[in-house]
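Enquirer: Have a look at the structure that comes next, please.
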Amino acid sequence: MEERGHDRAFFIMREAIIPIFIPHDGCPYRCSFCNQWKLTAQTDRTTPAMVAKTIAEYLASTTRPYRWQVAFYGGSFTALSEERQRALIAPAKYAWEKGDVSALRLSTRPDCISVENTAFLYAHGVRTVELGVQSLDDNVLWQARRGHRSAVVAKAIEILRRGGMQVGIQLLPGLYGETFATLRKTIRATVALTPDFVRIYPALVLRDTLLERQYRNGDYQPLTLAQAILVGAWWRRYLAKHNIPVIRIGLQATQDLDSHAAYVAGPYHPALGELAIARSYAQELKKGFRQARGPVTITYSTRDASKVRGHKNANVKKYQEKYAGPITWRESVDMPPGAVCFTTSTKTYQKRLESLLYCQ
1 MEERGHDRAF FIMREAIIPI FIPHDGCPYR CSFCNQWKLT AQTDRTTPAM VAKTIAEYLA
61 STTRPYRWQV AFYGGSFTAL SEERQRALIA PAKYAWEKGD VSALRLSTRP DCISVENTAF
121 LYAHGVRTVE LGVQSLDDNV LWQARRGHRS AVVAKAIEIL RRGGMQVGIQ LLPGLYGETF
181 ATLRKTIRAT VALTPDFVRI YPALVLRDTL LERQYRNGDY QPLTLAQAIL VGAWWRRYLA
241 KHNIPVIRIG LQATQDLDSH AAYVAGPYHP ALGELAIARS YAQELKKGFR QARGPVTITY
301 STRDASKVRG HKNANVKKYQ EKYAGPITWR ESVDMPPGAV CFTTSTKTYQ KRLESLLYCQ
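The sequence shown maps to residues 1 to 360 in full-length UniProt numbering.
Laid out in structure tokens, this is it:
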């Protein structure tokens with residue numbers, strides 16, 4: 001049985017990203033896992049004119065007001081020459097100064113951060129920097145040919161924070177040399193770094209990479225989809241306990257990923273984040289059902305519907321089969337996100353599933 005709470009009209013100005021891809025631009029190394037050209041399907045080098053055109057197209061694409069941010073992804077922005085940094089960022093800075101966008105953000109390597117380039121970025125409207133950390137185990141970093149040790153990450157975050165930046169980190173579980181011990185080390189070290197947010201991208205075997213050669217030679221096996229879901233759920237819940245939001249799990253779906261044109265093997269799924277979240281919720285639902293007897297009503301926030309119910313209603317089907325009594329699944333706009341209320345004929349109790357997190 002299902003019930004749906006009443007609708008409530010409200011308006012919130014949402015943040016939205018204008019993505020600018022600069023594949024491999026500025027990168028001093030070719031990491032074992034990386035092929036940004038395949039991921040972005042972009043072959044031309046990004047020019048300032050392309051940046052200006054992309055910004056204009058996004059701003060003109062909707063009449064709904066957004067808090068737009070221009071985001072430079074796919075390369076190591078701070079490793080570019082100063083001349084190229086200035087050229088690429090100029091159209092974005094112009095849009096920021098006009099008030100068309102609220103801020104800029106970019107991704108780069110942790111060993112390419114300095115006090116000087118942080119000050120430059122801040123003056124040009126950048127307020128968020130995402131560091132491609134990948135792992136915090138030195139052996140995994142060495143095997144991935146990153147060209148730096150894990151110690152540089154803490155230094156980079158300190159510099160960025162002092163420079164007024166919000167700092168996110170990107171992690172790639174499942175790289176060559178990864179073990180349960182290195183996964184645990186990385187997530188514990190991540191908590192110690194206290195980033196403002198984290199993205200989790202389980203490693204894929206992209207075409208034309210060292211990782212592909214290692215895979216075809218039988219030297220490397222990527223995580224299975226089931227393993228990636230478990231790691232995503234584990235890391236996400238661990239970070240939640242320390243008030244660190246995970247804003248994405250898994251790569252954004254593209255035609256090249258969906259068709260296997262960009263990758264050879266690995267745990268790709270267009271709804272990987274949803275699967276990992278549903279796994280986390282299923283673990284907590286299990287604890288709630290252990291206390292329930294007889295008919296039970298499960299009330300949850302409308303915003304949490306897909307997470308509680310699971311991908312393709314997997315959690316609903318699972319507990320409808322396993323639980324002895326009838327179950328009513330009820331959405332409510334009045335229920336706080338991240339919590340589920342179990343109501344039986346004799347008692348009501350609430351399970352707090354997470355503290356603050358939403359995976360975008």
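Cβ atoms here follow ideal geometry from the backbone N, Cα and C, with glycine treated the same way. Predicted model, so just to flag it, every value in this text is computed and none were measured.
1. Pull up the distance between the alpha-carbon of H242 and that of K317, whole angstroms please.
2. Pull up the distance between the alpha-carbon of L257 and that of L39, whole angstroms please.
3. Closest by CA to T128, which one among D138, T54, R145 and L104?
4. Give the range of the beta strand (DSSP E) segment to which residue 441 is assigned.
5. How would you label K307, buried or exposed, when you count the other beta carbons within 10 angstroms and need 16 or more for buried?
6. Assign D219 to one of two classes, buried (16 or more other C-beta atoms within 10 Å of its C-beta) or exposed (fewer than that).
7. Can you list, in chain order, the residues of its chain whose CB lies under 7 angstroms from that of S345, leaving out five sequence neighbours each side?
8. Using a Cβ-Cβ cutoff of less than 7 angstroms, which residues in the same chain neighbour Y176 once the five nearest sequence positions on both sides are dropped?
9. Taking contact to mean 3 or more Cβ pairs, one atom from each stretch, closer than 8 angstroms, check whether the region 81-98 and the region 131-150 are in contact.
10. Provide the residue span of the alpha helix (DSSP H) that contains Y201, from first to last.
11. Does the distance from the C-beta atom of I109 to that of A60 stay below 8 angstroms?
12. Which stretch, first to last residue, makes up the alpha helix (DSSP H) that contains F33?
13. Just to confirm my understanding: we take L183, look at its own chain, exclude 5 residues before and 5 after, and list those with CB closer than 7 angstroms. What are they?
14. Given 8 angstroms as the limit, is there contact between the region 298-307 and the region 244-259, that is, 3 or more CB pairs closer than that?
15. Is the region 187-198 touching the region 222-229, taking contact as three or more C-beta pairs under 8 angstroms?
16. Starting from T330 and walking both ways along the beta strand (DSSP E), at which residues does that stretch end?
17. If I measure Cβ to Cβ from R237 and keep anything under 6 angstroms in the same chain, skipping five residues before and after, which residues do I get?
18. Skipping 5 residues on each side, what residues in its chain have a beta carbon closer than 6 angstroms to that of G164?
19. Can you list, in chain order, the residues of its chain whose CB lies under 6 angstroms from that of E15, leaving out five sequence neighbours each side?
20. Among L204, V115 and R30, which has the Cα closest to the Cα of I249?
21. Starting from A15, follow the beta strand (DSSP E) in both directions and report where the run begins and ends.
22. Can you tell me the Cβ-Cβ gap for P19 and A87, rounded? I've got them flagged as a contact below 8 angstroms.
23. Tell me the DSSP secondary structure of R109 in three-state form.
24. Write down every uninterrupted run of the beta strand (DSSP E) in the region 143-204 whose length is 3 residues or greater and which is fully enclosed by it, in chain order.
25. Residues in its own chain within less than 6 angstroms of E2 by CB, not counting five upstream and five downstream?
26. Which partner residues does Y73 have in the DSSP bridge list?
27. By Cβ distance below 8 angstroms, which residues in the same chain neighbour G168 in space, the five residues on each side in sequence not counted?
28. Among Y323, K322, G325 and C341, which one has its Cα closest to the Cα of E331?
29. Determine, using beta carbons only, whether T254 comes closer than 8 angstroms to chain E.
30. Figure out for me which residue from G125, S76 and Y263 has the closest Cα to the Cα of V133.
31. Return the chain-ordered list of same chain residues with a C-beta closer than 7 angstroms to the C-beta of P48, the five sequence neighbours on each side being excluded.
Expert: Checking against the coordinates, here is how it stands:
1. 32 angstroms
2. 8 angstroms
3. L104
4. A question about residue 441 goes unanswered here, because the residues of the chain that appear run from 1 up to 360.
5. buried
6. exposed
7. G294 and P295
8. S32, Q143, A144, L211, Q214 and Y220
9. no
10. Unbroken run through Y201: none, as it is neither H nor E.
11. Just to set this straight, residue 109 is Arg in the shown sequence, not Ile. No, they are not a contact pair.
12. Per DSSP, F33 belongs to no alpha helix (DSSP H) and is neither H nor E.
13. P173 and V231
14. no
15. no
16. Checking the sequence shown, residue 330 turns out to be Arg, not Thr. Its beta strand (DSSP E) spans residues I327 to S332.
17. S280
18. Y122
19. R67
20. L204
21. Here residue 15 is Glu; the residue named in the question, Ala, does not match the sequence. R14 to F21 is the span of the beta strand (DSSP E), which, as asked, contains E15.
22. At roughly 18 angstroms, the Cβ-Cβ gap does not stay under 8 angstroms, so P19 and A87 are not in contact.
23. coil
24. 166-171 and 197-200
25. Residue placement at E2 cannot be trusted, given a pLDDT of 45 that sits under 50; what the coordinates show is reported in the next sentence. So the qualifying residues of the chain are W329.
26. F21
27. T128, V129, E130, L131, P195, D196, F197, V198, R199 and I247
28. C341
29. Among the chains in the structure shown there is no chain E, since it carries only a single protein chain.
30. S76
31. A87, L88, A90 and P91
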